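Chemist: Handing you this structure, nothing more for now.
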Amino acid sequence: KNAPKLRSEDYVSIPLTESSIAAGQPIIQADKIEDYVLLHIRAAGKRNNLVASRVDGESMEPMLHSGDIVVIDRDDKRVLKNKIYAIFHEDGLTAKYLERKKELLILRPINPTFDVQIIELQEHPDPIVGRIIGAWKEL
């Protein structure tokens, strides 16, 4: 009865891209945008470099499943414990917990059937696309 009215200015439109594009060029080309997702301005906060991508794979189950849509803050690359990041690794986008040890970036999956991966930062100096700030899932 007293539900708030939905106003378009209360939402930001985030491009949903092909995963390799979300990690690649900093500018998202219009022909690589699959769709848009809407995020309430309270959830977006002051973030303005957001991109969305679909999860493909099972390494972060049970938290993230194939087909889930994640929102990535491409300005947030500072490695923090217990946060999930989008990483450009082996020509694709992957979501993992991260740990940094000197010149190594350790990618930790949640699913115990998947192996930890290691990126040598001297060879790949900027693999972090950004921190994953939210996800939509099919139930």
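Going by my numbering, the sequence shown opens with residue -13, and the numbers climb by one from there. For every residue, glycine included, the Cβ atom is placed at its ideal position computed from N, Cα and C. Only a predicted model underlies this, so the values are computations on that prediction, with no experimental measurement involved.
Could you check which residue in TYR(-3), ALA81, GLU44 and HIS75 has the C-alpha nearest to that of PRO111?
Modeler: Among TYR(-3), ALA81, GLU44 and HIS75, the Cα nearest to that of PRO111 is on HIS75.
Chemist: Taking only three categories from DSSP, how would you classify GLU124?
Modeler: Coil, per DSSP.
Chemist: How would you call PRO1, buried or exposed, if buried means at least 16 neighbouring beta carbons within 10 angstroms?
Modeler: Its Cβ being crowded by 16 or more others within 10 Å, PRO1 is buried.
Chemist: Taking buried to mean at least 16 other C-beta atoms within 10 Å of its own C-beta, is PRO13 buried or exposed?
Modeler: With the sequence shown as reference, residue 13 is identified as Ile, and Pro is not the correct amino acid for it. By the 10 Å Cβ count, ILE13 comes out exposed.
Chemist: Is TYR83 buried or exposed, if buried means 16 or more other CB atoms sit within 10 Å of its CB?
Modeler: It is buried - the Cβ of TYR83 has at least 16 other Cβ atoms within 10 Å.
Chemist: Quick check on THR80: buried or exposed, where buried means 16 or more other Cβ atoms within 10 Å of its Cβ?
Modeler: THR80 should be labelled buried.
Chemist: Between the stretch 95 to 107 and the stretch 59 to 67, do at least 3 Cβ pairs fall closer than 8 Å?
Modeler: The stretch 95 to 107 vs the stretch 59 to 67: no contact.
Chemist: Could you tell me whether any non-hydrogen atom of the ligand ADP is closer than 7 Å to the CB of ILE118?
Modeler: Only the bare structure without any ligand can be found here, which leaves the ligand ADP out of the picture.
Chemist: Distance check for ASP42 and ALA16, CA to CA, integer angstroms please.
Modeler: Each residue's Cα considered, the two are about 22 Å apart.
Chemist: Select from GLY31, ALA(-11), GLY78 and ALA121 the residue whose C-alpha is nearest the C-alpha of PRO113.
Modeler: Out of GLY31, ALA(-11), GLY78 and ALA121, GLY78 has the C-alpha closest to the C-alpha of PRO113.
Chemist: Kindly identify the DSSP beta-bridge partner or partners of THR3.
Modeler: Paired residues: ILE19 and SER39.
Chemist: Given 8 Å as the limit, is there contact between the stretch 21 to 40 and the stretch 94 to 102, that is, 3 or more CB pairs closer than that?
Modeler: Not touching, per the Cβ criterion.
Chemist: Go through its chain and collect everything with a Cβ distance to MET49's Cβ below 7 Å, but skip five positions before and after it.
Modeler: Closer than 7 Å at the Cβ level, and outside the excluded window around MET49, lie ILE96.
Chemist: Starting from ILE27, trace the alpha helix (DSSP H) both ways and give me its first and last residue.
Modeler: From DSSP, the alpha helix (DSSP H) with ILE27 extends over 27 to 30.
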